[in-house]
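The structure appears below as structure tokens.
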Amino acid sequence: GALMAGFVLMPGLGTEGAARVSIMVVAAGAAILLFKRVSVTTFATALIIPGIAAALIPGNYYKRFSFEQYQIAEVYEGRNGVATVIPTTRFYSIIDINRTASASAVKFDPPPNEKMQAWRFNISEIMAIDPEFRPRKILVIGIGNAYFVETLLDYDFVEKITVVDISKEIVDAVRENTHTSSKRIFDDPRVDIIITDGRRFVQKALARGE
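Quick note on our numbering: the sequence shown kicks off at 3 and runs consecutively.
And the structure:
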């Protein structure tokens, strides 16, 4: 039951739909065990209360949450969990999954005096320190805010960037809520985004001699 809920019901029906179906399945199973030889009417009656409980489950459950002045705007549900998009008063939206700030989506380019702007252009400082370090293929584990990947696209010697992220929900949230030039990472043919566990991806790549 837990396996089916996580791999089939939640991706297909969302949290609320999966909860409703689960309640009814458990109630039906309990009714069968308790009333093995009863009429259809009795069986149906035994499901009325669970049915009411399932119907009363609130819709848009996750959008009801807020933190101080911040309110959840979008919800992405799937096999890995529930990713929520929380716009801030700054230039980015926070993307959380399982109550962890997993990534962010940039709404507009930060102003020149913003620390994140400096970080964006200094993140690849090793290439300035070592002029011999010019990797053609780059692996990025975790999409983050897409800033780093976009920065790497500015180098003409970069042939391929593989981005590995365990959560499709996070990747979808970053893709759909990024409104700056960072969005180009999703269309650039040099970028390959793979949904899988980063550690396992590295193990398999090493086994292939990559």
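Idealized CB from N, CA, C, for every residue including glycine.
Just to confirm my understanding: we take residue i, look at its own chain, exclude 5 residues before and 5 after, and list those with CB closer than 7 Å. What are they?
i           : result
residue 173 : 145, 167, 195, 197
residue 25  : 52, 55, 56
residue 96  : 88, 90, 103, 106
residue 184 : 108, 148, 149, 152
residue 77  : 64, 65, 84, 86
residue 15  : 23
Which same chain residues end up closer than 8 Å to residue i when comparing Cβ atoms and leaving out the 5 residues on each side of it in sequence?
i           : result
residue 140 : 154, 160, 162, 163, 164
residue 33  : 45, 48, 49
residue 207 : 141
residue 17  : 63, 64, 79, 84
residue 111 : 93, 119, 182, 183
residue 171 : 78, 79, 80, 82, 83, 84, 85, 99
Closest by CA to residue i, which one among the options?
i           : options            : result
residue 186 : 62, 147, 96, 81    : 147
residue 61  : 41, 142, 74, 19    : 19
residue 46  : 59, 30, 35         : 30
residue 191 : 133, 152, 136, 28  : 152
residue 1   : 199, 88, 142       : With the chain running from 3 to 212 in the structure shown, residue 1 is simply not present.
residue 169 : 3, 71, 7, 13       : 13
residue 2   : 4, 109, 28, 193    : With the chain covering 3 to 212 only, the question about residue 2 has no answer from this structure.
residue 28  : 69, 10, 48, 42     : 48
residue 115 : 99, 80, 93         : 93
residue 63  : 37, 70, 84, 44     : 84
residue 67  : 143, 86, 35, 202   : 86
residue 193 : 175, 10, 207, 156  : 156
residue 158 : 137, 171, 176, 178 : 137
residue 82  : 175, 178, 8, 203   : 8
residue 175 : 99, 211, 131, 111  : 99
residue 74  : 179, 6, 209        : 179
How is residue i classed by DSSP in three states: helix, strand or coil?
i           : result
residue 176 : helix
residue 73  : strand
residue 161 : coil
residue 109 : coil
residue 41  : coil
residue 216 : Since the first residue shown for the chain is 3 and the last is 212, residue 216 is missing from the structure and cannot be characterised.
residue 104 : strand
Where DSSP assigns a beta bridge to residue i, which residues make up the other side?
i           : result
residue 85  : 78, 99
residue 193 : 163
residue 139 : 162
residue 149 : DSSP output for residue 149 lists no bridge partner at all.
residue 63  : Answer is none; residue 63 lacks a bridge partner.
Please return the same chain residues whose Cβ sits closer than 6 Å to the Cβ of residue i, not counting the five positions on each side in sequence.
i           : result
residue 129 : 135
residue 72  : 88
residue 143 : 166, 200
Checklist entry - So, do the segment 11 to 28 and the segment 48 to 58 have three or more beta carbon pairs nearer to each other than 8 Å? => result By the Cβ criterion, the segment 11 to 28 is in contact with the segment 48 to 58, since at least three pairs of Cβ atoms, one from each stretch, lie closer than 8 Å.
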